[in-house]
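According to numbering that gives the first Met the number 0, the stretch in the sequence shown is residues 0 to 369, in order.
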Amino acid sequence: MSNIYVTRASMPLKEEYFEEISDLWDSHILTNMGSKHQKLEAELKEYLGVKEISLFCNGHMALELLLQAMGLTGEVITTPFTFASTTHAIVRNGLKPVFCDINEEDYTIDVEKIKPLITEKTSAILPVHVYGNVCDVRAIDEIAKKHHLKVIYDAAHTFGVTYAGKGAASFGDASMLSFHATKVFNTIEGGAVCYRDKQIGEKLYQLKNFGIQSETEVTGVGANAKMNEFQAAMGLCNLRHVDEEIAKRKRVFYRYLEKLEGIAGIKIPHETGTDCKSNYAYFPVVFDEEKCGCSRDEIYDELQKHQIFPRKYFYPLTNTFSCFQGQFDVEETPVAWQVSRRILCLPIYADLELKMVDKICAIVCGRLLK
Ligand SMILES: *Cc1c(COP(=O)(O)O)cnc(C)c1O
0 MSNIYVTRAS MPLKEEYFEE ISDLWDSHIL TNMGSKHQKL EAELKEYLGV KEISLFCNGH
60 MALELLLQAM GLTGEVITTP FTFASTTHAI VRNGLKPVFC DINEEDYTID VEKIKPLITE
120 KTSAILPVHV YGNVCDVRAI DEIAKKHHLK VIYDAAHTFG VTYAGKGAAS FGDASMLSFH
180 ATKVFNTIEG GAVCYRDKQI GEKLYQLKNF GIQSETEVTG VGANAKMNEF QAAMGLCNLR
240 HVDEEIAKRK RVFYRYLEKL EGIAGIKIPH ETGTDCKSNY AYFPVVFDEE KCGCSRDEIY
300 DELQKHQIFP RKYFYPLTNT FSCFQGQFDV EETPVAWQVS RRILCLPIYA DLELKMVDKI
360 CAIVCGRLLK
């Protein structure tokens with residue numbers, strides 16, 4: 000039996016991709032915002048329901064250069080229950096992350112705890128739509144307006160999610176999306192910034208190409224973070240099938256719900272409300288060791304024995320990384336700390352067989368009842 004990982008990259012048929020890239024042998028234009036790049040931008044704007052979009056070589060560089068383009072200073076309020084990228088993007092911009100706790104409901108930023116963290120040095124809030132769960136965007140917007148802060152969302156998990164009839168990447172001043180191979184929609188590696196302000200767009204365009212404004216003018220200390228034509232071609236192909244992929248993920252998601260509902264000691268995701276369209280990107284389960292008689296790590300080990308590889312997203316918390324030793328106090332984010340030690344993301348992807356879901360659930364339940 001082959002290994003079952005937490006996710007499996009979506010790919011178009013070989014023939015479809017070959018067809019999509021074949022004219023690159025005519026044009027010999029392989030990167031630098033070529034025609035595939037432009038086409039993908041246009042199609043994504045439409046699909047995501049966003050005003051403006053700028054593509055990048057990956058999600059991290061999109062976020063890092065977005066923070067630079069926004070000209071942030073001082074402190075940025077964020078959460079430690081996320082991928083390394085979110086915190087690193089702040090620190091690599093010379094900014095100080097100020098960690099806010101998450102809520103126990105959906106693991107996004109606890110909006111009740113933001114205000115006490117605001118100081119005169121705060122310039123922005125950078126929350127994460129964890130697992131595709133959209134943050135309390137209304138409350139965050141209200142706080143930001145009152146204190147003149149920018150709002151930037153790490154929307155890496157929310158491709159295709161809509162909330163209150165709007166694309167999830169349309170909230171705040173700007174949002175970052177990741178198109179990494181492990182995400183719901185991929186361009187192999189890739190990412191994007193969705194934004195409103197045209198000036199931000201111009202800055203992003205320059206910063207992803209060394210800060211070059213024209214042949215003789217270099218106006219920013221930029222990087223090289225352009226999406227190339229082969230990545231964009233992969234995106235054009237995958238976009239044709241993404242709705243179908245999400246529908247298949249939904250079947251897997253509901254099978255997990257069916258098999259794991261009502262089991263004592265575990266917390267599984269809610270079914271999404273009518274105001275939200277999910278992308279079924281993750282299936283996080285929180286194990287309460289006291290109630291279920293075994294720890295998250297024991298479940299993890301048990302599944303690994305069967306060649307099933309779930310992931311402890313997000314453990315460890317970013318404010319406990321050894322590269323930040325002595326700088327942050329994990330006790331300031333107690334809910335995030337508890338959740339990170341108890342959570343496990345079970346395998347979910349379009350072609351995961353329902354039989355395999357049943358097997359995973361049987362292994363989990365078997366271990367719980369031991
Ligand atoms: C995947 C991910 C990123 C980074 O995206 P890359 O495209 O891998 O650089 C950032 N934040 C979160 C929450 C992610 O899951």
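All C-beta atoms in this analysis are idealised placements derived from N, C-alpha and C, irrespective of residue type, glycine included.
{"Query": "Close beta carbons around A88, own chain, < 7 Å, minus the five adjacent residues each side", "Result": "H59, L62, E63 and L66"}
{"Query": "Buried or exposed by the 16-neighbour rule on C-beta atoms within 10 Å, applied to N2", "Result": "exposed"}
{"Query": "Which of helix, strand or coil DSSP assigns to P333", "Result": "helix"}
{"Query": "Rounded C-alpha distance that separates N237 from P11", "Result": "6 Å"}
{"Query": "Selection from G189, I347, M69 and G264 that minimises the alpha carbon distance to L125", "Result": "M69"}
{"Query": "Counted within 10 angstroms of its Cβ, other Cβ atoms place W336 as buried (16 or more) or exposed", "Result": "buried"}
{"Query": "Candidates G190, L345 and L47, of which the one nearest A167 by Cα", "Result": "L47"}
{"Query": "Rounded C-alpha distance that separates K311 from S26", "Result": "44 Å"}
{"Query": "Runs of beta strand (DSSP E) lying entirely within the stretch 51 to 137, each at least 3 residues, in chain order", "Result": "51 to 55, 74 to 77, 95 to 98 and 121 to 125"}
{"Query": "Nearest-angstrom Cα separation, counted from E119 out to T319", "Result": "26 Å"}
{"Query": "G264 to Y314 span [Cα, whole Å]", "Result": "20 Å"}
{"Query": "CA-to-CA distance, L302 to A349, given in whole angstroms", "Result": "20 Å"}
{"Query": "Rounded C-alpha distance that separates E42 from I245", "Result": "18 Å"}
{"Query": "Proximity to K358 [Cα-Cα], best of G234, K258, S122 and D287", "Result": "K258"}
{"Query": "Residue environment, Q205, which counts as buried when at least 16 other CB atoms sit within 10 Å", "Result": "buried"}
{"Query": "Endpoints, the beta strand (DSSP E) within which F282 is located", "Result": "F282 to F286"}
{"Query": "Simplified DSSP assignment, three categories, for G200", "Result": "helix"}
{"Query": "Which residues DSSP lists as bridging V192, in chain order", "Result": "S53 and M175"}
{"Query": "Span separating the alpha-carbon of C134 from that of A154", "Result": "10 Å"}
{"Query": "Cβ pair L367, G292 closer than 8 Å", "Result": "yes"}
{"Query": "Any non-hydrogen atom of ligand 1 closer than 7 Å to T85 Cβ", "Result": "yes"}
{"Query": "Residues of its chain near T86, where Cβ-Cβ distance is below 6 Å and the 5 sequence neighbours each way are ignored", "Result": "P96 and T317"}
{"Query": "Inter-residue Cα distance where the pair is H147 and E74", "Result": "13 Å"}
{"Query": "CB of L94 within 8 Å of CB of L116, strictly", "Result": "no"}
{"Query": "F98 beta carbon near ligand 1 (any heavy atom closer than 7 Å)", "Result": "no"}
{"Query": "Per-residue burial, V49 [other beta carbons within 10 Å of its own, 16 or more giving buried]", "Result": "buried"}
{"Query": "Neighbour-count burial assignment, H128, 16 or more Cβ in a 10 Å radius", "Result": "buried"}
{"Query": "Three-state secondary structure assigned by DSSP to Y4", "Result": "strand"}
{"Query": "V127 CB to nearest heavy atom of ligand 1 below 7 Å", "Result": "yes"}
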